[in-house]
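12 is the number of the first residue of the sequence shown in the numbering used here; add one for each residue after it.
C-beta: ideal position from N, C-alpha, C; glycine also.
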Amino acid sequence: MKVAIFSDVQANFPAMEEAVARILAWRPELVVMAGDLVNRGPRSLDCLELFDGLRHGQGWLPVQGNHETWIHRCRREAARTPLEADLRRFADWTLAQVQPRLDAMTDWPDHLCFHGGTDDSWVHVTHGTMASNREGISAGVPDEALRGKLPPDIALFVTAHTHRPLERVLDGTPILNVGSVGSPFDGDPRGSYAQLEWHGGRWHWQILRFDYDRDQAQRDFLESGFIEEGGPLARILYEEWRQARLFMPLWRRDFEPAVLAGERALAPAVQDFLAHIDAP
12 MKVAIFSDVQ ANFPAMEEAV ARILAWRPEL VVMAGDLVNR GPRSLDCLEL FDGLRHGQGW
72 LPVQGNHETW IHRCRREAAR TPLEADLRRF ADWTLAQVQP RLDAMTDWPD HLCFHGGTDD
132 SWVHVTHGTM ASNREGISAG VPDEALRGKL PPDIALFVTA HTHRPLERVL DGTPILNVGS
192 VGSPFDGDPR GSYAQLEWHG GRWHWQILRF DYDRDQAQRD FLESGFIEEG GPLARILYEE
252 WRQARLFMPL WRRDFEPAVL AGERALAPAV QDFLAHIDAP
């Protein structure tokens, strides 16, 4: 049995096209998209329509990520203040883009399980952990913080969310983080996904990294309206994609508190933050 698992496309259509082409060429029996297909990038609708076609035509399966959860929340709940509207403007921009096809990302499950044919071969796939799709597993998370957040009696736990590929073991249970197709945060701009194979009575897996048309992806960011219309934070998201590094936690720690307290305006604070991360 051959299984491909990918995640965190983040509306990067050229990266998704390349990942899809490679997966189709490998001819797996099962393909799982483990969340965050949309948002954070410029072409959510294109990514959603491509995946929905594969879901209905090839049987590919979705898992809900925190960004699908957020887009549905933006649909249900309007921003309460002008500042909140500005902070989430890129998500509302995405919502407007995918609004005609929201049916295609409705009722996605939070978890998905499959097996290789034996009782001890179950694989559990989710975007984060059993606790939340916003809780990622990275190399720095201690074992104690993960206990109780993985299901028992499984052969492999597959996760995503951190945008960093990872293999580790918790109390004998292998954990595989498939990384990100569209916006890695480990300094390597290539996309990643996982291939699993069941043979010889156990699962074998590997993470694949791949190049894609980043020039086109950059044009999509710059020409789609995402940066201009997505609010000041869209500029940070663009830099995360461009540099393949995670900046949002630094923004939230060092700059956002003053904005939330009304001590600084959002756009100048973002400008200062970007100058700060670009400083030698």
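Legend entry - Member of D182, D130, S132 whose CA lies at the smallest distance from the CA of P153: Within the sequence shown, the letter at position 142 stands for residue 153. Checking every option, the nearest Cα to that of P153 belongs to D182.
Inset, instruction - To the nearest angstrom, report how far apart H83 and T105 are at their CA atoms. - result: Position 72 of the sequence shown holds residue 83. Position 94 of the sequence shown holds residue 105. Near 11 Å, if we compare the C-alpha coordinates of T105 and H83.
Inset, instruction - State the Cα-Cα distance for the pair C124 and E40, rounded to the nearest angstrom. - result: The residue given as residue 124 occupies position 113 in the sequence shown. The residue given as residue 40 occupies position 29 in the sequence shown. Roughly 14 Å between the two C-alpha positions.
Inset, instruction - Could you tell me which residues DSSP puts in a beta bridge with Q217? - result: Translated into the one-based positions of the sequence shown, residue 217 becomes position 206. According to DSSP, Q217 bridges with Q206.
Legend entry - Sequence-distant residues of its chain with Cβ nearer than 8 Å to L61 (five each side left out): Here residue 61 refers to the residue found at position 50 of the sequence shown. For L61, where only same-chain residues beyond five positions count, the Cβ hits under 8 Å are F24, M27, E28, V31.
Inset, instruction - Return the Cβ separation of D47 and D19 in integer angstroms, given the expectation that the two are a contact with Cβ distance under 8 Å. - result: By 1-based counting over the sequence shown, the position of residue 47 is 36. By 1-based counting over the sequence shown, the position of residue 19 is 8. Confirmed, Cβ separation roughly 4 Å.
Legend entry - Per DSSP, cross-strand counterpart(s) of R256: On the sequence shown, residue 256 is found 245 positions in, with the first residue counted as 1. R256 is bridged to D197.
Legend entry - A89 versus A102, W252, T129, A171, residue with shortest Cα-Cα distance: Within the sequence shown, the letter at position 78 stands for residue 89. Looking at the Cα atoms, A102 is the closest of the given residues.
Inset, instruction - Assuming R112 and L59 form a contact by the criterion Cβ under 8 Å, report the distance between their Cβ atoms to the nearest whole angstrom. - result: Position 101 of the sequence shown holds residue 112. Position 48 of the sequence shown holds residue 59. So it is a contact: roughly 6 Å between Cβ atoms.
Inset, instruction - Could you tell me which residues DSSP puts in a beta bridge with V169? - result: As a first step, residue 169 is located in the sequence shown; it is residue number 158 there, counting from the start. Partner(s): V136, L187.
Legend entry - A272: CB within 8 Å of a non-hydrogen atom of the ligand FMN: This structure lacks the ligand FMN; in fact it carries no ligand of any kind.
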